[in-house]
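Participant: Here the sequence shown stands for residues 1 to 863, where the numbers follow UniProt numbering. Cβ coordinates follow ideal geometry from the N, Cα and C atoms, glycine included. Before anything else, here's the structure in question.
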Amino acid sequence: MWSELWSFHGAAALFRWWLMPDTHLPSLSHAASHAAHDAVQAASNWVSGSSSADLTNSAAVEALDDFDALKYVDPLIGSRNGGNVFVGATLPYGMAKASADTNSSSNQGGFTLDGNPVTGFSTMHDSGTGGQPSLGNFPLFAYTTCPSGVINWCTFPKKSRAKYGYFNEKDVIAKPGLFNITLKTGIRVEMTTTERASLIRFNFPQAGQPLILQDLSDLADTRQDNATINVDAKTGRITGNARFQPSFGSGTFVLHFCTDFNGAEILDTGIFADSRASTEVKNITISRSINGYPLPGGAFVRFKSADQPITARVATSFISEQRACEHAEGEISDYNFERVSGEATAIWRRKLSPIKINTDRVNESFARNFYSGIYRTMVNPQNYTGENPLWKSDEPYWDSFYCLWDSFRSQIPFLVIIDPTSVAQMIRSLIDTYVHLGWLPDCRMSLCKGLTQGGSNADNVLADAYLKNITEGIDWDLGYEAVKKDADEEPFDWSVNGRGGMDSWKKLGYIPVQDFDVKGFGTLTRSVSRTLEYSYNDFCIASMADRMGHGDDREKYLSSSSNWRNLYKQDQKSAFFNGTDTGFRGFFEPKFLNQTWAYQNPLNCSNLDGQSSCSLQNNGPETFESSLWEYGFFVPHDQGTLINTLGGPDAFVRRLNFLHDQNITYIGNEPAFLTVFQYHYAGRPALSARRAHFYIPSFFSPDPAGLPGNDDSGAMGSFLAFSMMGLFPNPGQDVYLIIPPFFESLEITHPQTGRTAKVRNINFDPTYRNIYIQKATLNGQPYRKSWVDHKFFTEGQELVLTLGRRESDWGTRVQDLPPSLGPYQGFNRTFPSNRTDTRIVDTGIIDTTYKSEFGHTGADLHV
1 MWSELWSFHG AAALFRWWLM PDTHLPSLSH AASHAAHDAV QAASNWVSGS
51 SSADLTNSAA VEALDDFDAL KYVDPLIGSR NGGNVFVGAT LPYGMAKASA
101 DTNSSSNQGG FTLDGNPVTG FSTMHDSGTG GQPSLGNFPL FAYTTCPSGV
151 INWCTFPKKS RAKYGYFNEK DVIAKPGLFN ITLKTGIRVE MTTTERASLI
201 RFNFPQAGQP LILQDLSDLA DTRQDNATIN VDAKTGRITG NARFQPSFGS
251 GTFVLHFCTD FNGAEILDTG IFADSRASTE VKNITISRSI NGYPLPGGAF
301 VRFKSADQPI TARVATSFIS EQRACEHAEG EISDYNFERV SGEATAIWRR
351 KLSPIKINTD RVNESFARNF YSGIYRTMVN PQNYTGENPL WKSDEPYWDS
401 FYCLWDSFRS QIPFLVIIDP TSVAQMIRSL IDTYVHLGWL PDCRMSLCKG
451 LTQGGSNADN VLADAYLKNI TEGIDWDLGY EAVKKDADEE PFDWSVNGRG
501 GMDSWKKLGY IPVQDFDVKG FGTLTRSVSR TLEYSYNDFC IASMADRMGH
551 GDDREKYLSS SSNWRNLYKQ DQKSAFFNGT DTGFRGFFEP KFLNQTWAYQ
601 NPLNCSNLDG QSSCSLQNNG PETFESSLWE YGFFVPHDQG TLINTLGGPD
651 AFVRRLNFLH DQNITYIGNE PAFLTVFQYH YAGRPALSAR RAHFYIPSFF
701 SPDPAGLPGN DDSGAMGSFL AFSMMGLFPN PGQDVYLIIP PFFESLEITH
751 PQTGRTAKVR NINFDPTYRN IYIQKATLNG QPYRKSWVDH KFFTEGQELV
801 LTLGRRESDW GTRVQDLPPS LGPYQGFNRT FPSNRTDTRI VDTGIIDTTY
851 KSEFGHTGAD LHV
């Protein structure tokens, strides 16, 4: 237990202790002490580069011209510890996602490496999601033979057959486009995919009459009434359909499938219902059982021999069984597993090719972390073009936006850089959804409306793409109409699209606690986080309006983008749950309709709060999956005004340090992402660099338990990749915040312009002591700003960073800071030599005397 516990969080804490030896650690038991020693040594090896099995490969110098990113991708990262990633075979954004499924409580992505057995092999999945499991429809399972040749002595129901699905972790192989696993029964299963179809090759260990079944279940057992399955007695083709529920939304969806077999002569076929089977029946329509759980049911094919591998070809469709069979026959006509897997590998190699890093002098584990993160950004969303039965359209249809509250922050902005063509298709799909359903989605999966978590965050996605000149086939006038409707009107069902409480928003300038809203209906919680997110949504819309020449709209939405100020309570205190005052004053707080203050403990829903339920519960809090402490920094567009409100740049830095050092925030959730880099806005970009190294690799490591939380469709992967690239976005704005990359140099070739942006570190140190920029040049000219815009990528600019061990004055002047809607104040001089000198604005706010030990980690940096 201790070794498992220390394998991740313990090692992370001890890594920070190793950098900050004055940090207090609790006393440990004898067993824990040994685990602690091992964790400290492992953490030390990460940074120091001391000898280990991983380090022996890191000395090789690889020419960028011959660079192959694919060898650094490990899809198994995040398959344990709640990462919930999809580890199986797929193409970039592919609908077909083939994987083994386990009966784990964390099987949202299908497969887990947590000791739980396999219950089936299915071809539809999402990746990294929370909540209940997603998809996993129509799984197959195989037996070498039925005992004594008796069909009914084989085990058919999913839960019962799990005992035959155990495996050893060493017998699992996952690569882009390929997934292999060997069960303890000796059956080796190989899986690969095209866009809409999958091959599942079963290799049997001994002679027998193997049986392969396919059932009508999904991962979460959401099947509704009247599911149908048929098996052809001559060919063994299995077809069918069933209605299911989405994992985080409303409504239902119907999915069809078509499965064929190749490799052995058929002995017999049949149907099973519950635990009994018959070769006399070839089709069945089955309902849910009386107690509400789907009654097990499906079909099977038994073969005369197991001498050769038997390959199942599976395809699905939201349109019809015929369409599913067309996908299978059209995309995989010859059952050639090696050809299909080879083509999948080549496609992934091309997709990963825009970014090349210099792996010389760095631990290979950093490269594996980096490229595996990039890989996960292209698993979801999924391209379902031609598979939408809800409306007719010539526009692309993309699904599994799960959810934009997670992905607007870094995942889609990352794809804007390396795959703008796919982003253009996503934007067109979002706009087309608006055309036919009336609203942009905040979340969408399996053709269904997903639940809205906060603001109308498709607005941010569209603005980010528009400001970065994503234009391919997009009707931006229609896109602007869609985001404007979000800001001006309220839908009846604002729990799944748009915004709620719009009358109060327009009249009061905030969303009240217990709002009186008769225009639409949704969960009347999250009043503070919705107010803050609506404010930022409106700023993003204002930015589009400005670029498009809609001057009146620009002023209107800029005005409402300042509504965040209406919930700032200047004298609000914050105490830990034991009653100890944090020393900080001034937090966002909820308000009632009558404009009097309500109260929420600023630490509720923080990483320190083990009691509150902070999602979409009807009695939930006024923030979503985050605390008032953390949301206190969520004014991405007006950091200047926020910094002034919180007491000036030094007070802002101390508060930001406190947020991280006291574990109030947790990097495993998306609201924490930008806070790592918000030191830039206080004129301290060196602290952003230090904070990024504080979290990487301590909280991100290239192993199955290596993610700090749900990957959320590549959100964690993109945070990791952006951070290690040294260019982090403020999404919805044309801004990338600069820190030194984790590699000596890197190149990013823009897929459309063909130009290559370059970042190079001078004085690069693989032990990561030299992580502070002393000076910089952009295209050969001195450059003092702490940020660049998107032209850096499209024009192929070159950034050269000279590094050192001490914080310098680079990026610290007011003119160096990233853009802010409101002015920066309190920056009375350039970088002072005496760090005790203050730049605090006299606002009457009580400031804390808290001093962070964070500033003394590794290098000579003073806070």
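(1) What are the boundary residues of the beta strand (DSSP E) that includes Arg769?
(2) In terms of residue numbering, what span does the beta strand (DSSP E) encompassing His256 cover?
(3) For a minimum of 3 consecutive residues, which ranges assigned as the beta strand (DSSP E) are wholly contained in the segment 234–320?
(4) Which residues does DSSP pair with Ser122 in a beta bridge?
(5) Can you give the Cα-Cα distance for Ser79 and Pro294, rounded to whole angstroms?
(6) Provide the residue span of the alpha helix (DSSP H) that contains Gln425, from first to last.
(7) DSSP state of Leu362, grouped into three classes?
(8) Going by C-alpha to C-alpha distance, which of Pro740, Asp419, Ser559 and Ile511 sits closest to Gln595?
(9) Measuring only the C-alpha atoms, how far is Trp398 from Ile173?
(10) Give the secondary structure of Thr800 by DSSP, where H, G and I count as helix, E and B as strand, and everything else as coil.
(11) Let's test the definition: count the other Cβ atoms within 10 Å of the Cβ of His327 and tell me whether it reaches 16, buried, or not, exposed.
(12) Reducing DSSP to helix, strand and coil, say where Phe156 ends up.
(13) Please say whether Trp564 and Ser527 have beta carbons closer to each other than 8 Å?
(14) Suppose the cutoff is 6 Å on Cβ atoms and the five residues either side in sequence are ignored; what does the same chain contact list for Tyr335 look like?
(15) Of all the options Ser626, Leu803 and Gly586, which has the alpha carbon lying nearest to the alpha carbon of Arg530?
(16) CB Gly88 to CB Phe156, shorter than 8 Å?
(17) Three-state secondary structure (DSSP) at Phe588?
(18) In the DSSP output, which residue or residues are listed as bridge partners for Met445?
(19) Which value, in whole angstroms, describes the spacing of the CA atoms of Ala545 and Lys556?
(20) Can you round the beta-carbon distance between Gln797 and Ala757 to whole angstroms, since I take them to be within the 8 Å contact cut?
(21) If we ignore side chains and look at the alpha-carbon of each, how far apart do Asp809 and Ser543 end up?
(22) Let's see if you can read the secondary structure: which residues bound the beta strand (DSSP E) around Ser574?
(23) Do Thr675 and Leu656 have their beta-carbon atoms positioned less than 8 Å apart in this structure?
(24) One question on the structure: do Cys258 and Ala324 come within less than 8 Å of each other, judged by their Cβ atoms?
(25) Report the start-end ranges of each alpha helix (DSSP H) in the segment 649–696 that is 4 residues or longer and not cut off at the edges.
(26) Hey, Arg361 and Pro766: beta-carbon distance below 8 Å or not?
(27) Could you check which residue in Ser99, Leu415, Leu524 and Lys573 has the C-alpha nearest to that of Ile355?
(28) With a CB to CB cut of under 6 Å and the five nearest residues on each side skipped, what residues in its chain are close to Cys540?
(29) Count the other CB atoms, across all protein chains shown, that sit within 10 Å of the CB of Phe584; report buried if there are 16 or more and exposed otherwise.
(30) Could you check the C-alpha separation between Asp711 and Asp225 for me, to the nearest Å?
(31) Starting from Lys791, trace the alpha helix (DSSP H) both ways and give me its first and last residue.
(32) With a cut-off of 8 Å, do at least 3 Cβ pairs link the segment 409–429 to the segment 586–594?
(33) Tell me, please, whether the segment 370–380 touches the segment 713–725 by the rule of three or more beta-carbon pairs shorter than 8 Å.
(34) Would you kindly work out how many angstroms separate the C-alpha atoms of Ser613 and Phe700, rounded to a whole number?
(35) Taking its Cβ as the centre, do 16 or more other Cβ atoms sit within 10 Å of Trp597, making it buried, or is it exposed?
(36) Helix, strand or coil for Val528? Go by DSSP, reduced to three states.
Facilitator: Reading from the atomic positions:
(1) Unbroken run through Arg769: none, as it is neither H nor E.
(2) Taken as a continuous stretch (DSSP letters only), the beta strand (DSSP E) holding His256 covers Phe253 to Asn262.
(3) Runs found: 238–244, 253–262, 266–273, 276–278, 283–286, 297–303 and 310–317.
(4) Ser99
(5) 27 Å
(6) Pro420 to Leu437
(7) The sequence given here places Val at residue 362; Leu does not occur at that position. Correct three-state label for Val362: coil.
(8) With distances taken between Cα atoms, Gln595 lies closest to Ile511.
(9) Their backbone Cα atoms lie some 29 Å apart in a straight line.
(10) Thr is not the amino acid found at residue 800; the sequence shown has Val there. Correct three-state label for Val800: strand.
(11) buried
(12) coil
(13) If you check the CB distance, Ser527 and Trp564 do not come in under 8 Å.
(14) Asn262 and Thr311
(15) Ser626
(16) Between Gly88 and Phe156, the C-beta spacing is not below 8 Å.
(17) DSSP places Phe588 in strand when its eight states are reduced to three.
(18) According to DSSP, which records beta bridges pairwise, Met445 is partnered with Cys448.
(19) 10 Å
(20) Right, their Cβ atoms sit about 6 Å apart.
(21) 31 Å
(22) Tyr568 to Ala575
(23) yes
(24) For Cys258 and Ala324, yes; Cβs fall inside 8 Å.
(25) 649–661 and 685–695
(26) yes
(27) Closest option to Ile355, Cα to Cα, is Leu415.
(28) Asp459, Asn460, Ala463 and Gly732
(29) buried
(30) Straight-line Cα distance between these residues: approximately 33 Å.
(31) That run of the alpha helix (DSSP H) goes Lys791 to Thr794.
(32) no
(33) yes
(34) 26 Å
(35) exposed
(36) helix
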